[in-house]
Every structure is written in C-alpha cells, then in structure tokens.
Amino acid sequence: MNTLTVGARALELDKDGYLVNLDEWSAEVANALAAAEALELTPDHWEVLELLRQFYAEFQLSPATRPLIKYTALKLGPEKGNSLRLNKLFNGTPAKLAAKLAGLPRPTNCL
Amino acid sequence: MAKSLLVISRQAPWSGPSAREALDIVLAGGAFDLPIGLLFMDDGVFQLTPHQDAKAVQQKDLSANLQALGLFGIDEVFACAHSQAVRGLTSPASAAPLDNPGITRLIDRYDQVITL
Amino acid sequence: MSTLHVVSHSPFTDSRLDSCLRICGSQDAILLCGDGAYGLQQSALHTQGVKVFVLAEDLQARNLSLPDWAERVDYPGFVQLSITYDKVNAWL
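Residue numbers (this note's numbering), protein chains in the order written: chain A, 1 to 111; chain B, 112 to 227; chain C, 228 to 319.
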C-alpha cells in the first residue's frame, strides 16, 4: 500500500499518489505531498490550491486543465490565470498535480 | 476540424448512471475543446431542478457539477420545452428552452448525436 | 441533414419512441429493433409520415406482421442505412 508519512501519521494514498481519504487533508499534508513531488509550496502555489478547494466545494468535481485556467483567470485575473504560469508552478501538469496537493480527487476528465 | 457532438440527456438525475454518464461525456469533450452541445429532454429536465440534495441518496452532486459547464467551455445548453411543460416546470436560466422543431434543427446542426 | 433514429424499447412501456417522433425531421427515419419492433403495433407511428424500418430478425422473433408503411431490413441493410443517413441517433 502507498502511504505518506506526516508527523506520526501514515496516510493512505492511491496508486497515483492521491489521498484516499480526502478529509485527512491539511496544510501540513499538502506540504508533505509537495515534498514527495520535489516541490516547495510558495504563496503563489497556495493561492491556486485554495482556489481549487473553492472550485471543488462549489462544483463537487476536480477541474481539467482548461477549466482550471478559466476559473483562476476569473477569480485572480488573467495575469495569474494562464497556462504558462500554472504549468510553471505545477511542473507542467497543473490540473493533476494541483488537485493532488489540494486534497481533491484525481480529475476524471483529463488524460 | 473536430466533429461536433450533441449529447441528449433524458434520464432523471438519481435513477441510474445515465445522467452522470451523459455529463461525463460532455465534460470530457469540453476539457478537450470539442464543439459540444447538451440537451435535457424527457425526465432529463429534472436534472435542472435547483436545490437538490444528492447527499440524501448518497450520490455525487450532479447539480453542482452542472454549474461547471460554462467553465468547461460548454455554452450550448438547452432544455426541451415540451418535456418541461408536461412536468409543470419552467426553464431555468442555465438552459435555453427549445420547442420540438427547434430540437429537430439542433440535431441537424451537429455532426454526431449521443442519446442517454 | 438526415438522422436515422434507432429505437429498441417498446412504446407501450417506454417514452423513447414518442419522444423520437416529436423531434423527427422530415428527412429522418426510424429503425425499430429489439422490443422497439412492437412499435409497429402503434398506429400513430405511420400517421407521422416518417420512414420506418424494422430489423427482420426482431420482426420474425416476435411474429409481428409487417404493415405496408414499414420496411424490413436485415443487418447488412442496417449497416447500409447508417451510411445512407448523415448520422445515427441510438435512443439508448
């Protein structure tokens, strides 16, 4: 079984590294998930992660790349919501990686 | 040029997998920027009813998902006016009502149709 | 543009055929298969002026008689129809 150790806890991950129990998510967990992807979360990352959680609360699904960009542009402006910046922040796969770090299910509508 | 696709969703929201599957096709197509239209017809128009509670029947919230259509680039969303009228419903703002000849013309406009 | 509508549910227990007839265009046709073949017993069907086909084996299995307003097709005929019409709309 795939696990992520955060402090004294071992959290269950699926085969792609997403949290199995989404309610185990916390900022600490996000940092640990990011570390596993060799990524250090900056305020720029956090802004997108919080937006993703807002997206999920509103629509009950994880966005594919295009809607993620659209939503980010809508909420944070086009200088932040564009594919170049989001790709840069999240190692070229913003929808998949950001959803993982934000404690969302894997986006089902992107390959 | 990608072929355009019309999805006709005609099952009630919580009766089985059809409503969910129709929406998944539409969202997947939208994510790939395909020209996609969505028509709610027959009991499918019940999917558009506001303030439904998916949790009460342990399901995923289809109505919340439907609100994301615009962000997935799906702007062509229609509802069959006849189906709504016989069910005592009025058309919500999220779907443009179409009469029967309007639906015939809608189907004509698309390259392919999937009815679920 | 023409559409071949494929209906496989009986109109006496299911709304698919009715709904299909409501939105059928003048260039369209309906292919009845499976229990959809029972649609031949619905007189309203031919008053619509839409071309009606029925799959031969489903007709035979149900011992239904073929009205003069409908046409019987076998599987190769079905394939041919789906090529002849611009698109196929299967009422799943």
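Backbone N, C-alpha and C fix where the C-beta goes; we use that ideal spot for every residue, glycine too. Everything numeric in this text was worked out from a predicted model, so none of it was measured.
Practice item. With a threshold of 16 other CB atoms inside 10 Å of the CB of Ser235 of chain C, please say whether the residue is buried or exposed. Key: Here residue 235 of chain C is taken as the residue at index 8 of the third sequence, counted from 1. Under this definition Ser235 of chain C is a buried residue.
Practice item. Ignore the nearest five residues each way along the sequence and tell me which others in Thr42 of chain A's own chain have a CB closer than 6 Å to its CB. Key: Taking the first sequence and counting its residues from 1, one reaches residue 42 of chain A at position 42. Result list for Thr42 of chain A: empty, nothing under 6 Å.
Exercise for review: Give the residues from the region 168 to 199 of chain B that approach chain A closer than 7 Å (Cβ to any Cβ), ordered along the chain.
Suggested key: Lys171, Asp172, Ala175, Asn176, Gln178, Ala179, Leu182, Phe183 and Gly184
Check your understanding: Beta carbon of Lys114 of chain B, beta carbon of Asp219 of chain B: below 7 Å?
Key -> The residue you call residue 114 of chain B lines up with position 3 of the second sequence. The residue you call residue 219 of chain B lines up with position 108 of the second sequence. No. Outside cutoff.
Review point. Does any C-beta atom of chain C lie closer than 7 Å to the C-beta of Asp153 of chain B?
Key: Walking along the second sequence from the start, residue 153 of chain B turns up at place 42. So yes, Asp153 of chain B belongs to the interface.
Review point. According to DSSP, what are the bridge partners of Gln223 of chain B?
Key: Residue numbering aside, residue 223 of chain B sits at position 112 when the second sequence is read from its first letter. For Gln223 of chain B, DSSP records a beta bridge to B:Leu116.
Exercise for review: Taking C-beta pairs closer than 8 Å, name the residues in chain C that Leu227 of chain B reaches, listed in chain order.
Suggested key: In the second sequence, the residue the question calls residue 227 of chain B occupies position 116. Ordered by position in chain C, the residues that pass the 8 Å Cβ test against Leu227 of chain B are Leu319.
Review point. Tyr18 of chain A touches chain B at which residues, Cβ-Cβ below 9 Å?
Key: Within the first sequence, residue 18 of chain A is the residue found at index 18, counting from 1. Within 9 Å Cβ-Cβ: nothing; Tyr18 of chain A doesn't reach chain B, min ~16 Å.
Review point. Which word fits Asn176 of chain B, buried or exposed, when buried means at least 16 other C-beta atoms lie within 10 angstroms of its C-beta?
Key: The sequence position of residue 176 of chain B within the second sequence is 65, counting from 1. With 16 or more other Cβ atoms within 10 Å, it is buried.
Practice item. Please state whether DSSP places His273 of chain C in a helix, a strand or coil. Key: Translated into the one-based positions of the third sequence, residue 273 of chain C becomes position 46. Note: His273 of chain C maps to helix in three-state DSSP.
Check your understanding: Phe108 of chain A: which of B:Leu149, B:Pro203 and B:Leu134 sits nearest, CA to CA?
Key -> Here residue 108 of chain A corresponds to residue number 108 of the first sequence, with the count starting at 1. Per the sequence shown, residue 108 of chain A should be read as Thr rather than Phe. Among B:Leu149, B:Pro203 and B:Leu134, the Cα nearest to that of Thr108 of chain A belongs to B:Leu134.
Review point. How is the beta strand (DSSP E) around Ala297 of chain C delimited, first residue to last?
Key: Taking the first residue of the third sequence as 1, we reach residue 297 of chain C at position 70. From DSSP, the beta strand (DSSP E) with Ala297 of chain C extends over Ala297 to Val300.
**Study point:** 7 Å Cβ cutoff, Gln223 of chain B in contact with chain C
**Key:** Against the second sequence, residue 223 of chain B aligns to sequence position 112. By this cut-off, Gln223 of chain B is an interface position.
Review point. Across which residues does DSSP place Leu19 of chain A in a beta bridge pair?
Key: Counting from one through the first sequence, the residue named residue 19 of chain A turns up at place 19. Leu19 of chain A pairs with A:Leu13.
Review point. Where does Lys100 of chain A fall in DSSP's three states?
Key: Position 100 of the first sequence, counting from 1, holds the residue named residue 100 of chain A. Three-state result, Lys100 of chain A: helix.
Check your understanding: At what residue ranges does the region 129 to 204 of chain B contain a whole run of the alpha helix (DSSP H), taking only runs of 4 or more?
Key -> 129 to 142, 173 to 177 and 192 to 197
Exercise for review: Measure the Cβ-Cβ separation of Phe55 of chain A and Gln178 of chain B and say whether it is below 7 Å.
Suggested key: For the purposes of this step, residue 55 of chain A is taken as residue 55 along the first sequence, with counting starting at 1. For the purposes of this step, residue 178 of chain B is taken as residue 67 along the second sequence, with counting starting at 1. Contact: no.
Review point. Hey, Val137 of chain B and Ile214 of chain B: beta-carbon distance below 7 Å or not?
Key: On the second sequence, residue 137 of chain B is found 26 positions in, with the first residue counted as 1. On the second sequence, residue 214 of chain B is found 103 positions in, with the first residue counted as 1. Against a cut-off of 7 Å, the Cβ pair of Ile214 of chain B and Val137 of chain B comes out as no contact.
Exercise for review: Report the three-state DSSP secondary structure of Thr72 of chain A (helix, strand or coil).
Suggested key: Here the question's residue 72 of chain A lines up with position 72 in the first sequence. Residue state, collapsed to three classes: helix.
Review point. In terms of residue numbering, what span does the beta strand (DSSP E) encompassing Ala207 of chain B cover?
Key: Here residue 207 of chain B refers to the residue found at position 96 when the second sequence is read from its first residue. From DSSP, the beta strand (DSSP E) with Ala207 of chain B extends over Ala207 to Leu209.
Point to revise | Alpha-carbon spacing of Ile250 of chain C relative to Pro212 of chain B, whole angstroms | key: Translated into positions along the third sequence, residue 250 of chain C becomes position 23. Translated into positions along the second sequence, residue 212 of chain B becomes position 101. Looking at the backbone, the Cα of Ile250 of chain C and that of Pro212 of chain B are separated by about 6 Å.
Check your understanding: Is it buried or exposed for Gln169 of chain B, if we count other Cβ within 10 angstroms and need 16 for buried?
Key -> Counting from 1 along the second sequence, the entry for residue 169 of chain B is found at position 58. Exposed is the call here.
Review point. So with Cβ pairs under 7 Å, would you call Ile257 of chain C a contact of chain B?
Key: Taking the third sequence and counting its residues from 1, the one referred to as residue 257 of chain C is at position 30. So, not an interface residue.
Point to revise | Own chain partners of Pro203 of chain B with C-beta closer than 6 Å, once the 5 adjacent residues on each side are dropped | key: Residue numbering aside, residue 203 of chain B sits at position 92 when the second sequence is read from its first letter. Correct list, in chain order: Leu159.
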